[in-house]
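Visitor: For the sequence shown, position 76 matches number 95 in the working numbering, and the numbering has no gaps at all. We put the beta carbon where it would ideally sit given N, CA and C, even for glycine. Starting off with a structure, shown below.
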Amino acid sequence: MTTTLFVSDLHLDAGRPRATAAFREFLAGEARGASHLYILGDLFEFWIGDDDDQPLAREVTAALADYTRGGNACSVMRGNRDFLLGPRFADLTGARLLTDPSVVDIGGESVLLTHGDLLCTDDHAYQRYRKRVNDPRLQRLFRALPRSWRRAAGAEGRRRSRRYSAGRPAAYMDVNAEAVAAAMRQAGVRRLVHGHTHRPGIHRFALDGQQAIRAVLGDWYDQGSVLAWSATGPELRSRAFG
Ligand code: MN
Numbered sequence: 020m021t022t023t024l025f026v027s028d029l030h031l032d033a034g035r036p037r038a039t040a041a042f043r044e045f046l047a048g049e050a051r052g053a054s055h056l057y058i059l060g061d062l063f064e065f066w067i068g069d070d071d072d073q074p075l076a077r078e079v080t081a082a083l084a085d086y087t088r089g090g091n092a093c094s095v096m097r098g099n100r101d102f103l104l105g106p107r108f109a110d111l112t113g114a115r116l117l118t119d120p121s122v123v124d125i126g127g128e129s130v131l132l133t134h135g136d137l138l139c140t141d142d143h144a145y146q147r148y149r150k151r152v153n154d155p156r157l158q159r160l161f162r163a164l165p166r167s168w169r170r171a172a173g174a175e176g177r178r179r180s181r182r183y184s185a186g187r188p189a190a191y192m193d194v195n196a197e198a199v200a201a202a203m204r205q206a207g208v209r210r211l212v213h214g215h216t217h218r219p220g221i222h223r224f225a226l227d228g229q230q231a232i233r234a235v236l237g238d239w240y241d242q243g244s245v246l247a248w249s250a251t252g253p254e255l256r257s258r259a260f261g
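The structure is reproduced here in structure tokens:
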């Protein structure tokens, strides 16, 4: 069995060029040896739409295109920040857009992949917000706005999100154990990989009498975080920023 790699929550943004550089380095190096690279949401701090013409969008799109042109398989799931990633982004990068949640085969085992915000069911206000922004009619209206307006709306949304998170107890923003168990039962899996909470870890627990694993990806704020899943199981690696 070869190695499958997972990343999420890079939150790439023009204001943090070191994270973007680290991601490009990762694509050009460690990721080349993987059988598949899964990006499980929030690759970007905000995505205004596939018509984004800013240098960051172009730079990352080109780096991913280069990666897949080299024969590397890559799947991208939308997160709660880049939920507007669309078919044009997929075309330009050669990556496959992955529905949230999805079950994939990793080395003969079914693994449930999700960004993770769906599992944070204790945060009712957030779940209401999530429903709103995922409304296709609202998304169509938003996409029709000029790019500069969408950019401004994204910046305002990030300010609000920071204020919201600062005023909440941490446990609120973690996944709910029952939601995790329910999602795994429904998918018929004993393996789960998600991000969103920025609490990297590999949790082993019993689910209906069977050994289960929940692997949580870390963010790319101060260093890179990569989950490598090979025949020996999942392993978290961190990558120092250059
Ligand atoms: Mn997220």
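For my contact list, residue 214 and residue 60 are in at a C-beta cut-off of 8 Å; report their separation, rounded to the angstrom.
Guide: If you number the sequence shown from 1, residue 214 lands on position 195. If you number the sequence shown from 1, residue 60 lands on position 41. Correct: roughly 6 Å between the Cβ atoms.
Visitor: Can you confirm whether the segment 60 to 78 touches the segment 166 to 180 when touching is taken to mean that 3 or more C-beta pairs between the two stretches lie within less than 8 Å?
Guide: Taking 8 Å as the limit for Cβ pairs, the verdict is that the segment 60 to 78 does touch the segment 166 to 180.
Visitor: Check whether the Cβ atoms of residue 99 and residue 149 lie closer than 8 Å to each other.
Guide: Start at 1 with the first residue of the sequence shown, and residue 99 comes out as number 80. Start at 1 with the first residue of the sequence shown, and residue 149 comes out as number 130. Result yes, Cβ atoms of residue 99 and residue 149 sit closer than 8 Å.
Visitor: Return the CA-CA distance between residue 193 and residue 139, expressed in angstroms with no decimal places.
Guide: Numbered from its first residue, the sequence shown carries residue 193 at position 174. Numbered from its first residue, the sequence shown carries residue 139 at position 120. Taking the straight line joining both Cα atoms gives about 6 Å.
Visitor: How would you label residue 27, buried or exposed, when you count the other beta carbons within 10 angstroms and need 16 or more for buried?
Guide: The residue labelled residue 27 in the question sits at position 8 within the sequence shown. Looking at its Cβ environment, which holds 16 or more other Cβ atoms inside 10 Å, residue 27 is buried.
Visitor: Just checking residue 99 against the ligand MN - is the residue's beta carbon closer than 7 Å to any of the ligand's heavy atoms?
Guide: The residue you call residue 99 lines up with position 80 of the sequence shown. Yes, the Cβ of residue 99 comes within 7 Å of a heavy atom of the ligand MN.
Visitor: What is the DSSP secondary structure of residue 222, reduced to helix, strand or coil?
Guide: Counted from its first residue, the sequence shown places residue 222 at position 203. For residue 222, the three-state secondary structure derived from DSSP is strand.
Visitor: Only counting the same chain, and skipping five residues up and downstream in sequence, which positions put a Cβ closer than 7 Å to that of residue 256?
Guide: Residue numbering aside, residue 256 sits at position 237 when the sequence shown is read from its first letter. For residue 256, where only same-chain residues beyond five positions count, the Cβ hits under 7 Å are 245, 247.
Visitor: Would you please state the rounded distance, in angstroms, between the beta carbons of residue 226 and residue 200? I believe it to be under 8 Å.
Guide: As a first step, residue 226 must be located in the sequence shown, where it is residue number 207. As a first step, residue 200 must be located in the sequence shown, where it is residue number 181. Yes, they are in contact, since the Cβ atoms of residue 226 and residue 200 sit about 6 Å apart, within 8 Å.
Visitor: Beta carbon of residue 261: closer than 7 Å to some heavy atom of the ligand MN?
Guide: Residue numbering aside, residue 261 sits at position 242 when the sequence shown is read from its first letter. Answer for residue 261: no, Cβ out of range of the ligand MN.
Visitor: So, residue 108 versus residue 136, is the Cβ gap smaller than 8 Å?
Guide: For the purposes of this step, residue 108 is taken as residue 89 along the sequence shown, with counting starting at 1. For the purposes of this step, residue 136 is taken as residue 117 along the sequence shown, with counting starting at 1. Not closer than 8 Å, so no.
Visitor: Rounded to the nearest angstrom, how far is the Cβ of residue 95 from that of residue 116, given a contact under 8 Å?
Guide: Position 76 of the sequence shown holds residue 95. Position 97 of the sequence shown holds residue 116. In this structure, residue 95 and residue 116 form a Cβ contact; the two beta carbons are roughly 6 Å apart against a cut-off of 8 Å.
Visitor: In whole angstroms, what is the alpha-carbon distance linking residue 233 and residue 240?
Guide: The residue labelled residue 233 in the question sits at position 214 within the sequence shown. The residue labelled residue 240 in the question sits at position 221 within the sequence shown. Roughly 22 Å separates the two Cα atoms.
Visitor: From which residue to which residue does the alpha helix (DSSP H) around residue 133 run?
Guide: Reading the sequence shown from its first residue, position 114 is the one you call residue 133. Looking at the DSSP string, residue 133 is not in any alpha helix (DSSP H); the run it does join, the beta strand (DSSP E), is 128 to 133.
Visitor: Terminal residues of the continuous alpha helix (DSSP H) containing residue 112?
Guide: The residue labelled residue 112 in the question sits at position 93 within the sequence shown. Where residue 112 is concerned, the enclosing alpha helix (DSSP H) stretches over 106 to 112.
Visitor: Which first and last residues belong to the alpha helix (DSSP H) in which residue 49 is found?
Guide: In the sequence shown, the residue the question calls residue 49 occupies position 30. It is not in any alpha helix (DSSP H) - residue 49 carries neither H nor E in the DSSP assignment.
Visitor: Where does residue 115 fall in DSSP's three states?
Guide: Position 96 of the sequence shown, counted from the first residue, corresponds to residue 115. Here residue 115 sits in strand by DSSP.
Visitor: Out of 169, 146, 173, 121, which has the shortest C-alpha to C-alpha gap to residue 208?
Guide: Here residue 208 is taken as the residue at index 189 of the sequence shown, counted from 1. Closest option to residue 208, Cα to Cα, is 121.
Visitor: From the DSSP output, in three-state form, read off residue 265 for me.
Guide: Not covered by the structure: residue 265. The range shown for the chain is 20 to 261.
Visitor: Terminal residues of the continuous alpha helix (DSSP H) containing residue 173?
Guide: Position 154 of the sequence shown, counted from the first residue, corresponds to residue 173. First-last of the alpha helix (DSSP H) with residue 173: 166 to 185.
Visitor: Based on DSSP bridge pairs, tell me the residues matched to residue 124.
Guide: Reading the sequence shown from its first residue, position 105 is the one you call residue 124. The partner list for residue 124 (beta bridge, DSSP) reads 129.
Visitor: Tell me the DSSP secondary structure of residue 42 in three-state form.
Guide: Along the sequence shown, one-based indexing puts residue 42 at 23. Looking at residue 42 - three-state DSSP - the assignment turns out to be helix.
Visitor: Less than 8 Å between the beta carbons of residue 50 and residue 83, yes or no?
Guide: Numbered from 1 along the sequence shown, position 31 holds the residue referred to as residue 50. Numbered from 1 along the sequence shown, position 64 holds the residue referred to as residue 83. No, Cβ-Cβ distance for residue 50 and residue 83 is not below 8 Å.
Visitor: Considering only residues of the same chain and omitting the five flanking positions on each side of residue 44, which have a CB-CB separation below 6 Å?
Guide: As a position in the sequence shown, residue 44 is number 25, starting the count at 1. Within the same chain, no residue comes within 6 Å of residue 44 by CB-CB distance, once the 5 residues on both sides are set aside.
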